[in-house]
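Only one structure is covered here, and it is reproduced in the block below.
Protein chains: 4
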Amino acid sequence: MQVIERGRGIGIGLIGSGFMGRAHALAFRNVGGVFPLAVQPRLEILADTPEQRAIEAATSFGFARATGDWTELVRDPAIDLVAITTPNRLHAPIALAAIEAGKHVYCEKPLATTLADAIAMEGAAKAAGIVTMVGFNYLKNPIIDTAREIVRSGEIGEITGFRGIHAEDFMADPEAQFSWRCEPEQAGGALADIGSHILSMARSLLGEVESVCGRLDTIHGERPLPDGSRRAVGVDDQANMLVRFAGRPFTASISASWLASGRDMQLAFEISGTRGALSFTQERFNELRFYKTGQPTGRKGFTTINAGPAHGDYAAFCPAPGHQIGFNDLKTIEVRRLLDAVAGKAPSDADFGDALMITRVMEAVRLSSQRQRWVALSEIDGALSSRSQ
Amino acid sequence: MQVIERGRGIGIGLIGSGFMGRAHALAFRNVGGVFPLAVQPRLEILADTPEQRAIEAATSFGFARATGDWTELVRDPAIDLVAITTPNRLHAPIALAAIEAGKHVYCEKPLATTLADAIAMEGAAKAAGIVTMVGFNYLKNPIIDTAREIVRSGEIGEITGFRGIHAEDFMADPEAQFSWRCEPEQAGGALADIGSHILSMARSLLGEVESVCGRLDTIHGERPLPDGSRRAVGVDDQANMLVRFAGRPFTASISASWLASGRDMQLAFEISGTRGALSFTQERFNELRFYKTGQPTGRKGFTTINAGPAHGDYAAFCPAPGHQIGFNDLKTIEVRRLLDAVAGKAPSDADFGDALMITRVMEAVRLSSQRQRWVALSEIDGALSSRSQ
Amino acid sequence: MQVIERGRGIGIGLIGSGFMGRAHALAFRNVGGVFPLAVQPRLEILADTPEQRAIEAATSFGFARATGDWTELVRDPAIDLVAITTPNRLHAPIALAAIEAGKHVYCEKPLATTLADAIAMEGAAKAAGIVTMVGFNYLKNPIIDTAREIVRSGEIGEITGFRGIHAEDFMADPEAQFSWRCEPEQAGGALADIGSHILSMARSLLGEVESVCGRLDTIHGERPLPDGSRRAVGVDDQANMLVRFAGRPFTASISASWLASGRDMQLAFEISGTRGALSFTQERFNELRFYKTGQPTGRKGFTTINAGPAHGDYAAFCPAPGHQIGFNDLKTIEVRRLLDAVAGKAPSDADFGDALMITRVMEAVRLSSQRQRWVALSEIDGALSSRSQ
Amino acid sequence: MQVIERGRGIGIGLIGSGFMGRAHALAFRNVGGVFPLAVQPRLEILADTPEQRAIEAATSFGFARATGDWTELVRDPAIDLVAITTPNRLHAPIALAAIEAGKHVYCEKPLATTLADAIAMEGAAKAAGIVTMVGFNYLKNPIIDTAREIVRSGEIGEITGFRGIHAEDFMADPEAQFSWRCEPEQAGGALADIGSHILSMARSLLGEVESVCGRLDTIHGERPLPDGSRRAVGVDDQANMLVRFAGRPFTASISASWLASGRDMQLAFEISGTRGALSFTQERFNELRFYKTGQPTGRKGFTTINAGPAHGDYAAFCPAPGHQIGFNDLKTIEVRRLLDAVAGKAPSDADFGDALMITRVMEAVRLSSQRQRWVALSEIDGALSSRSQ
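Chains as they are written, first to last, in full-length UniProt numbering: chain A, 1 to 389; chain B, 1 to 389; chain C, 1 to 389; chain D, 1 to 389.
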């Protein structure tokens, strides 16, 4: 009988224990069993308010300690990496404090509630040389890795079109309650909340955005509060955009809506090339519809590929095709890439710089909607370049 | 044994015998067996060039006479209705001549190759009081009739979103040959050729367009000629549009592309309302995906409805659900509505006025793309109003 | 202007004007416009009872004469071909009379209500040397022609499995009324009524049946009559079969049910080979799902092929892929093959001999269900061989 | 800052570290973060041969100790529960030893390689009063929990039909190598290996099997060995069955094949009732197609339900619908139910008794195939009842 020795590992401090806090915790627990890691994560401290909530979450998720004060967590010497899953407006102060304390930072999207904050955070992280990761988890899907390879390798020829959407229906009912998602100061709105996912997906496939022409609509101008009164909604319910990418000859059509009745998770796109096409929806995210020209006469059509060991990180979860990974597994892949970046094995594939680019695009869409004209990303760069002065 | 007496019926003159000419001929032959008609069509004259082609087509389609000269057909006293399936640039002269001769006119889309021609045709038809029909056949689909009823009745609540596309791939290969479709004078381009279908579909569901912001892209700037030389393409390969409809609170996203590799006939849309949604694609045009809020907990989802006798004109083709109608049957429905209009039973549901509205929208999209800004349809109305002076 | 001369053509006498009578009439009207024919059909006499119904149908379908007495039709010298769409129990007497009169016969399925009748009809037709066709229309689907070619050419290797079903729900409600379909003397029952379709489909793909092991279930033993009383059901609601085909190494699984709630037209199969597979459902009968081994790593999957001009007779209806044919078009193809057989261009692909083979298989299934054991088709051959003595 | 106290928990000994060993390890690691547990599992010992492999697996999965000798693990006082993921022939000796040592047992399917062993294991477990669980993980799917509720509650009326399959293609190539799966002594064959899944699924929905009529086919009689020689295959490639369930009025059709080219994981069924139907495939196991009679005219169809918090244990993984769980999550649910059973909170829902019933059904299918007739389960009961004497 051999007793297994374990290293100290990397100390994880998790702030927040809601939907995303739980997903982070599960991923940190699970990742070592799924992937061979250079360093194992150690679940050190969980912070939430009130403290009792933190204690309960720490107990069930397996953290060693709990606190009601996130500043305590950020300062703790046992912590190497701070994971932020708090309300959006706290992202900036916590991240900046963590960076100042020399911790690596894993932050849920959106990076910040203002472009200025996002710029500050990106600058601070770069200056400190710490590793960052932002939770654009849908990009971690193994079959999306394959989609990216297909696009980049030229397997479907030159790309000539892209049409994408992120549609859900959780605000489709005009009587759905007013929440933080309805406040611009909280980075609410369909564009920020879910549009950021399809924009980051498009960017990961097609490269940087060059210009946009967008239109934001607030269809339901008021929503009820718990006390029965109504409050004006300050954000968009829906965003429709024409988007140009640097060096690409076509205009993409991209939409986001949280009014799309019947849709739970339609993060979907179709990308066309001169020699093929890809069609994907997160509703069936273990599938990729693939078309390649040159099929024999009478055998033309889209092929439905099931995710399997041939695709990205799938094999780490299951050696057999068609068994499928789940949403939480996407988060496990994200955490693996984060830990690899911390270990210096590979750069972060979704760092604060990437998140800042998405923030800029959204800012450009808002400006375009106000001015009712096309806006180049370089118009937004004014704000960016001012930071380096 | 009873001998069946038949009336003289309505004399049909068909000009053109290609894809659409044949579809018209089949529809005129078939319609009397499918629908109870006030007057039966009589296949009188088929015109095409050269005359030999007309003779062969008349023989196989069942026309009584054939000619190589369409003016002869238009003038013939046995002709009551002229069906035009010629190259687009002939639509205007033939239609105007037919109207002048007092014939009813059934014209394939696009109505004309210029807005001025379209205006002239619409004006002449109205002045002459003849019946017109333009071949937006996809609107005749029985399940689309149901979709319209669902939208109009409020069954899915107030409409809050629309996303539509018409994508095919017949020009996806950069080496696909230059053809009349590549010439603006022939009303070529993805917007005119197929975008007109999704625009007419959107209009039939949502009403008149108010303003547009569009972008036309010519991805493949040159295409080969049969002799191996290359010719510059003067039309769009792809059109992406943001569209506002009169009295609607949302922005629609509409696209057209003939570069969409792998797509044979993706004329598709999703329409969202506060209490439900519809999703449709011509690729499976005997199906409608229908969502309605209020399903019991745990039973929420889109229902896939198969076309059946409960939907529009389906029952005329088959008394059992799920048996499916085909493309040519859509044309038969179109001809039935045309003949009903001629018989005075119901107005034409796609007359020159309707086609003119689509022509105006496309004109607005072109202007918007040139000026890179939103264009109101009323800006196009200048041209329209000038005709009445 | 050229006047088109027309030959006398082949005189059609149609008996019955219900669902199938109408489908026959439409097909005869339409077929000459769709296909180049050696001889055109001439709609001569329509028979139905009462005569008034025949007159109305003849008027709307375009027949020259009408009668209430089918024997008059069968004897008429202007009739070359008799099409039978009457209740099943009349198939045998009408067909035998028509054969005796030297007419070609086109008969709806089932061929007869007893095996003995089917044997007699097949024998008489063969002896008379007339052309016969039985209405297994689903086999005429262009994409099914492609499926057959794929199976026969070895494109998917040696066939190793087949699983098929025909499921509908028109009797799913235990309170669905008793009708002729519930009477064995009318050749009622799920096996005969719809099971015959999947059996003929399987046979057309795999060849002759060798032995069967089946089980027939009558789930709802009584059904209501219009007067509110209840009558015992004498036929099966459901048939499940294990089937062996001559020279094939595998056992097929085939089912038929008219209790399949929610199913309008699930005539479906999957056929597996050592190098590929096909999956089909009549619910989307313009599609064929096709799998072929040897796809590149990570690109494996079923390809959804849309019916197009590359498949069988599709091109005669439409030159563009993805436009789709409908149920009535299947009947048009059937009539075209019938007329080609009459013209001596090709043998009938579904003659009385083919229908007799299906009748024998159903007889074997019934015997197997009674005896609760496997039954070889050769056991049924006793009845067959007795006829030639 | 609060330090979290943890109890001793339940000591887990895992034997085997392949596909299933890994899945067990992940589930034990993960389960405490997902579900609130009465007692937490403690990853105590991992056994595999050679020992080095055990050490590596223990290190990556997080076990405290490793051994090359499973008997050591079984005897270890720190072990409360033994998880068996070894080759099938070791299931019986290990399980019997573990039961003798008073440990709870979690065993992968198939329970044993012979019916006699299965009977002995079931008897020993019952006598010892320990908790058992067998790995029919597909039954743990939250949407399958919903399917069961729908069937049991009568929501779709009286059940009138069932058609099921488990098809994969990993042996479709005739040149796929001979392996333990080709040996009957290893409980190989399509029926045992994958057919057991669809049989257990059917049983969980419909209750106990009463009689069967099956046919096993060995299509590829020889397969190559690594050295290039060929060895005769002693098991079935394909099983097709007619199945009757106690108290059910219909015959089910159930198939299993590992020759189904193109299929990765088609564990699929359709269940029909007098007032609705369910259709499911493991290929999209976060979806359930649901049909209910009584929809308004023209709105009839199957509804595609996405798994969400309203379904079974889904909410424990994710609070939002449509996000999807993965294969490993099914295993986590299984382990949760195992640990709840150990804690006395609920009985095991797939114990050795359940697995024995499936073993009996498979034995009856084999007997039926040999004798080419129906076999009642009571014929197999002879063997069972002998044990209690």
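Think of the CB as a built atom: it goes at the ideal place given N, C-alpha and C, for glycine as much as any other residue.
One alpha carbon belongs to residue 312 (chain B), the other to residue 159 (chain A), and they sit about 40 angstroms apart.
Taken in chain order, the whole beta strand (DSSP E) runs of length 3 or more contained in the segment 50–103 of chain A are 65–67, 81–84. Closer than 8 angstroms at the C-beta level to chain C, one finds these residues of the segment 297–326 of chain B: 306, 308, 317, 318, 319, 320, 321, 322, 323, 324, 325, 326.
Of all residues in the segment 144–169 of chain B, only 146 come within less than 7 angstroms of chain D when Cβ atoms are compared, listed by chain position.
The beta-carbon of residue 28 (chain C) is placed no less than 8 angstroms from the nearest beta-carbon of chain A.
Per DSSP, reduced to three states, the secondary structure at residue 278 (chain C) is strand. Residue environment analysis places residue 71 (chain B) among the exposed positions, since fewer than 16 neighbouring C-beta atoms fall within 10 angstroms of its C-beta. Legend: CB atoms of the segment 279–290 of chain D lying less than 7 angstroms from CB atoms of chain A belong to residues 283, 284, 285.
Scanning chain B for C-beta atoms nearer than 9 angstroms to the C-beta of residue 32 (chain C) yields 29, 60, 61, 62, reported in chain order.
Here DSSP, grouped into helix, strand and coil, assigns residue 2 (chain A) to strand. Residue pairing by DSSP places residue 291 (chain A) opposite A:277 in a beta bridge.
The beta carbon of residue 46 (chain A) lies closer than 6 angstroms to those of 14, 54, 57, 58, 63, 66 in the same chain, with the five residues before and after it left out. Considering only B:224, B:226, B:214, B:218, the residue with the shortest C-alpha distance to residue 243 (chain B) is B:214. Take the alpha-carbon of residue 169 (chain A) and the one of residue 182 (chain A): they are about 14 angstroms apart. Residue contact check for residue 359 (chain A) against chain B: no CB pair falls below 8 angstroms.
One finds 2 in chain B with Cβ atoms closer than 8 angstroms to the Cβ of residue 51 (chain C), taken in chain order.
In the displayed model, residue 337 (chain C) falls within a helix according to three-state DSSP.
For residue 66 (chain C), the chain B residues whose Cβ falls inside 9 angstroms of its Cβ are 1, 2, 3, 4, in order along the chain. Bridge partners of residue 31 (chain A) according to DSSP: none are assigned. Interface annotation, residue 265 (chain D): in contact with chain A, CB-CB separation under 8 angstroms. Below the 8 angstroms Cβ cutoff, chain D contributes 213, 373, 374 as neighbours of residue 372 (chain C), in chain order.
Residue 25 (chain D) has a beta carbon lying within less than 8 angstroms of a beta carbon in chain A. Taking the CA atoms as reference points, residue 103 (chain C) sits about 15 angstroms from residue 43 (chain C).
Within 10 angstroms of the beta-carbon of residue 230 (chain C) lie fewer than 16 other beta-carbons, which makes it exposed. Proximity of chain C to residue 380 (chain D) at the Cβ level (cut-off 7 angstroms) is not reached, the minimal Cβ distance being about 18 angstroms.
Residue contact check for residue 72 (chain D) against chain A: a CB pair falls below 8 angstroms. Secondary structure of residue 170 (chain A) (DSSP, three-state): coil. Within the same chain, 208, 209, 210, 211, 212, 360, 361, 364 come within 8 angstroms of residue 377 (chain C) by CB-CB distance, once the 5 residues on both sides are set aside.
The DSSP-derived three-state label of residue 328 (chain B) is helix. Any Cβ of chain B closer than 8 angstroms to the Cβ of residue 242 (chain A) would place that residue at the interface, and such an atom is present.
Here the C-alpha atom of residue 156 (chain B) lies approximately 11 angstroms from the C-alpha atom of residue 173 (chain A). Closest in C-alpha terms to residue 304 (chain D), from the list D:278, D:319, D:323, comes D:278. The criterion of a C-beta distance shorter than 8 angstroms is not satisfied by residue 264 (chain C) and residue 237 (chain C). For residue 370 (chain B), the enclosing alpha helix (DSSP H) starts and ends at 352–371. Residue state for residue 178 (chain A) is assigned as coil, using DSSP reduced to three classes. Around the beta carbon of residue 245 (chain A), a 10 Å sphere encloses 16 or more other beta carbons of the protein chains shown; the residue is thus reported as buried.
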